[in-house]
Each structure stands twice: as C-alpha cells, then as structure tokens.
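In this text, residue positions in the sequence shown follow our numbering: the first is 1142, and each later residue adds one.
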Amino acid sequence: MDRVPILKLGDLLIVSIQVDLDDQSVLVLQEDLAAAVVARGAKGVIIDISAVEIVDSFTGRMLATIAAMCRMLDAHAVVVGMRPAVAITLVELGLSLGGVRTALDLEKGVALLNHVGGAGL
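What follows is the structure in structure tokens.
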C-alpha cells in the first residue's frame, strides 16, 4: 500500500491525493497526518484533490473527518483543486462538507490559510 505524501511548507502541510483511496489507505492517511500536524507544529493543512475524478459518500466523509481532526489539533484545513463534477456529486449525495474550507487552487488555499489562521510560509 502506497502512503500519501505529506509535505511541509513553512507552517503548512500539503497533502496531495493522487490516487483513489480505499478504507485502509484513508485510515493510514488520517494517522500519518495527525502525527505530522503534532510533530511539525503545523498551523494549516492543505488537501489537494485536483487529481480526484470520482467521489462517493466515503470520500466526502473522509474529507470532513480529516478537517475536523485538524481543528482538534489546532490546525486549519482547506481542500483545494475540487473539480466541478466532484462538487456536483458531493451536493447530489447530500454532503455539504460543513466546516470544510475550500479554495480553487493551491495558491488560493495558502492565501486562505494565511488569512484565517495566521499560518506563515
């Protein structure tokens, strides 16, 4: 099983999901990300889903769970790169992803985190 890489950029962590995640991969990602937020003192987490083409309710819940976990560890989270079809599917599934901040791309995600959380590069 391949692990999702977690990159550090200043006070931020960047997670780029490039493959479809199964249940086990999501659990590993959540554990890895929680450990990285604490170990690196991250103030913000960017989850890049620009390579994700298809979502289901599991994927939507995973994003909401990761965002909630980050909040509990004193880090802001933002999901970037959501494709229009992904957004439409999430709405059709009834998953509004309450509490999950979104931005169109990585640059806007960094700006959002700098604005809301004071995270710096």
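Don't be surprised by glycine CBs; every beta carbon is placed ideally from N, CA and C.
CB contact flag (residue 1227, residue 1178, <8 Å) = Taking the sequence shown and counting its residues from 1, one reaches residue 1227 at position 86. Taking the sequence shown and counting its residues from 1, one reaches residue 1178 at position 37. Going by C-beta atoms, residue 1227 is not nearer than 8 Å to residue 1178.
| message | Taking DSSP's pairing of strands, which residues face residue 1149 in a bridge? | response | The count along the sequence shown starts at 1 and reaches residue 1149 at position 8. DSSP lists 1154 as partners of residue 1149.
Taking C-alpha atoms, which residue in 1173, 1224, 1213 and 1202 lies nearest to residue 1156? Along the sequence shown, one-based indexing puts residue 1156 at 15. If we check each option's Cα against that of residue 1156, 1173 comes out closest.
Query - Coil, strand or helix - residue 1242 by DSSP - result: As a first step, residue 1242 is located in the sequence shown; it is residue number 101 there, counting from the start. In the structure shown, residue 1242 sits in a strand (DSSP, three-state: E or B).
* To do: With distances taken Cα to Cα, identify the nearest neighbour of residue 1152 among 1210, 1238, 1186 and 1241.
  => Counting from 1 along the sequence shown, the entry for residue 1152 is found at position 11. Of 1210, 1238, 1186 and 1241, the residue nearest in Cα terms is 1186.
DSSP state of residue 1260 mapped onto helix, strand, coil
Working through the sequence shown from its first residue, we reach residue 1260 at position 119. Confidence at residue 1260 is low in this model, with a pLDDT of 48, below 50, so the placement of that residue is unreliable and no value is reported for it.
C-beta contact flag for residue 1198 and residue 1236 at 8 Å: Taking the sequence shown and counting its residues from 1, the one referred to as residue 1198 is at position 57. Taking the sequence shown and counting its residues from 1, the one referred to as residue 1236 is at position 95. Contact flag set, yes.
Along the chain, where does the beta strand (DSSP E) containing residue 1161 start, and where does it finish?
Along the sequence shown, one-based indexing puts residue 1161 at 20. Run containing residue 1161: none; DSSP gives neither H nor E here.
Kindly indicate the opening and closing residues of the alpha helix (DSSP H) around residue 1229. Here residue 1229 refers to the residue found at position 88 when the sequence shown is read from its first residue. 1225–1233 is the span of the alpha helix (DSSP H), which, as asked, contains residue 1229.
Check your understanding: Which first and last residues belong to the alpha helix (DSSP H) in which residue 1205 is found?
Key -> Against the sequence shown, residue 1205 aligns to sequence position 64. Start and end: 1198–1213.
- Which of helix, strand or coil does DSSP assign to residue 1143? Your numbering for residue 1143 matches position 2 in the sequence shown. Three-state DSSP puts residue 1143 in coil, outside helix and strand.
*Pair within 8 Å by beta-carbon distance, residue 1221 and residue 1244*: Translated into positions along the sequence shown, residue 1221 becomes position 80. Translated into positions along the sequence shown, residue 1244 becomes position 103. It is a contact, given that the beta carbons lie within the stated cut-off.
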